[in-house]
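Visitor: Every letter in the sequence shown is one number past the one before it in the working numbering, and letter 136, counting from 1, is 205.
Before we start, here is the structure in question, set down as structure tokens.
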Amino acid sequence: MGLRTARGVVHSPPSRASDTPAWGMRTCIPSITQLKHKMYEPDADDPEDENPLMLMDPLHPAYEYNRECQRQKYLLIIRRRRLRDESDPFDVTYAAFKKVCRLSQDLVFSVIDLIRPFMRRRSSPLAAPLELKVLSVLSFYATGSYQSPTGRQYDCPIAQPTLSAYIEEVTNALNEDEILGRLIRFPINVQELNYIIERNQALGGQIPDVAGYTDGTLVKVVKPSLANNPQAFIGRKRVPCINVQITCDRRLYVTNVLANFPGATNDSFIFSGCGLRLRMYRLFHERRCHLLGDSGYALEPWMIVPFEQPQEDTPEGRFNKVHSRDRNVVERCIGNIKERFRCIHDERVAHYDYIKASKFVNAVVVLHNICVLANLPGYIDENEQ
């Protein structure tokens, strides 16, 4: 027999053990959304039933029913929390963990400590721990798949809107100026410049006085609105994208990244107005140094580019071969980043605008540099071998 109210009969949940279905209590606890629809709400047309505080009165006809719905909702939250807390995503083999997150367990803990000051503190004991947020976002960076499958990586139910919030929070933390300035660093004085030039030569560089290797790469984005000039984002591959300028050393360590130009912008224009060129201009007058770039850049005293169509058996042709071998470092660096973190890979379908894509690039470059500093080998997808 249900409860009779101003809105009619409200059917009560089963209250006796004999009313419980034979397949167990699991079916008796619906989802939170279902519980919200089941709960009794005051009737706005009934002047005696319009005050929500009346439901707190034990004498109200729907008091017991709403209380039972609240209890079931709480039990559902507790069940999800136990499922989340009792599973240890770090308790797997090194190979299995690296396949999902692209980093080792120790490096993930380092990343957590790095971004902890910039993350929101847990305001509720039911809130997800920072470790789970970082692991979920790393899995998204690694696979590049849209968010629904990522929430099931650790047998932990994470709704897509929740995971989207995690991605935004962790990505913003990795884009903090303090973190970017600490882990993406180009020499700022002659002492640092001498050190990086000597290291590049010690690691096999044949052209002397090289401070870095520069190239551009395209990252797909969602086509911007008409207000943001969408044609400016159509790159050479005829898809909306941003043009990312990356500079690295021979360790494949990224020393400078610039990811805020539309895809139609050519490499030479990006370099001509960036802070890296101004720094090279200043350092060049203190100590002879160069960057190596391809033919898409303009020849400058601090930017060495190959000769245009030289004969093979000439000094210019031999120089181009040496230049190509040395500059191949930055191409391997870009390929390493995109293969390790496939959220910016060329094969992925774009789901994000150019602002978020730019932040993703900065975030994965920070993670890539952490891997380089830890001597973590580049990731190779066994399925593509």
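The beta carbon of each residue, even a glycine, is placed where N, CA and C say it ideally should be.
Just curious, the beta strand (DSSP E) that Cys-317 is in, first and last residue?
Guide: 310-317
Visitor: Go to Pro-384, then tell me how far its beta strand (DSSP E) extends in each direction, as first and last residue.
Guide: Unbroken run through Pro-384 is the alpha helix (DSSP H), 384-409; no beta strand (DSSP E).
Visitor: Using a 10 Å radius around the Cβ and a threshold of 16 neighbouring Cβ atoms, would you call Arg-394 buried or exposed?
Guide: With fewer than 16 neighbouring CB atoms inside 10 Å of its own CB, Arg-394 falls in the exposed class.
Visitor: Do the stretch 176-184 and the stretch 236-253 meet, that is, are 3 or more Cβ pairs less than 8 Å apart?
Guide: yes
Visitor: Only counting the same chain, and skipping five residues up and downstream in sequence, which positions put a Cβ closer than 6 Å to that of Arg-325?
Guide: It should be noted that the sequence gives Asn, not Arg, for residue 325. Here the set comprises Phe-255, Thr-316, Leu-345.
Visitor: Is the Cβ-Cβ distance between Ile-406 and Val-374 less than 8 Å?
Guide: no
Visitor: Grab me the residues of Asn-389's own chain with a C-beta within less than 7 Å of its C-beta, minus the 5 sequence neighbours each way, in chain order.
Guide: Taking C-beta separations shorter than 7 Å and ignoring five residues to either side along the sequence, the partners of Asn-389 in its chain run Pro-375, Phe-376, Pro-379, following chain order.
Visitor: What residue range is occupied by the uninterrupted beta strand (DSSP E) comprising Lys-289?
Guide: 279-289
Visitor: Reducing DSSP to helix, strand and coil, say where Val-374 ends up.
Guide: Val-374 falls in the coil class under three-state DSSP.
Visitor: Would you call the stretch 227-247 in contact with the stretch 440-449, where contact means no fewer than 3 C-beta pairs closer than 8 Å?
Guide: Pairwise C-beta distances place the stretch 227-247 out of contact with the stretch 440-449, as fewer than three of them are shorter than 8 Å.
Visitor: Please report how far the alpha carbon of Ile-449 lies from the alpha carbon of Val-177, in whole angstroms.
Guide: 19 Å
Visitor: Any idea which residues DSSP pairs Val-323 with across the strands?
Guide: Beta-bridge pairing links Val-323 to Cys-317.
Visitor: Suppose you measure from the CA of Phe-209 to the CA of Arg-348; what does that come to, to the nearest Å?
Guide: 35 Å
Visitor: Could you check what DSSP says for Ala-196 in three-state terms: helix, strand or coil?
Guide: coil
Visitor: Could you compute how far the alpha carbon of Gly-332 sits from the alpha carbon of Phe-187?
Guide: Between the alpha carbons of Gly-332 and Phe-187 lies a distance of about 31 Å.
Visitor: Less than 7 Å separating the Cβ of Ser-427 from some heavy atom of the ligand MN?
Guide: With respect to small molecules bound, the structure shown includes none, and the ligand MN cannot be examined in it.
Visitor: Nearest by alpha-carbon distance to Ile-236: which of Asn-438, Tyr-163, Tyr-421 is it?
Guide: Tyr-421
Visitor: Measuring straight from C-alpha to C-alpha, what distance separates Asn-258 and Gly-273?
Guide: 23 Å
Visitor: Within a Cβ cutoff of 8 Å, which residues of the same chain sit near Lys-292, ignoring the five residues on either side of it in sequence?
Guide: Pro-299, Phe-302, Pro-309
Visitor: So, with DSSP's three-state summary, where would you put His-437?
Guide: DSSP places His-437 in the helix class (H, G or I) of the three-state scheme.
Visitor: Compute the Euclidean distance between the alpha carbons of Phe-338 and Glu-355, then round it to the nearest angstrom.
Guide: Straight through space, the alpha carbons of Glu-355 and Phe-338 are spaced by roughly 25 Å.
Visitor: Is it right to say Ser-193 is buried, meaning 16 or more other beta carbons lie within 10 angstroms of its own, or is it exposed?
Guide: exposed
Visitor: Just grab the DSSP bridge partners of His-359 for me.
Guide: For His-359, which the question treats as bridged, DSSP gives the partners Val-279.
Visitor: Can you have a look at Glu-247 and say buried or exposed, based on whether 16 or more other CB atoms are within 10 angstroms of its CB?
Guide: exposed
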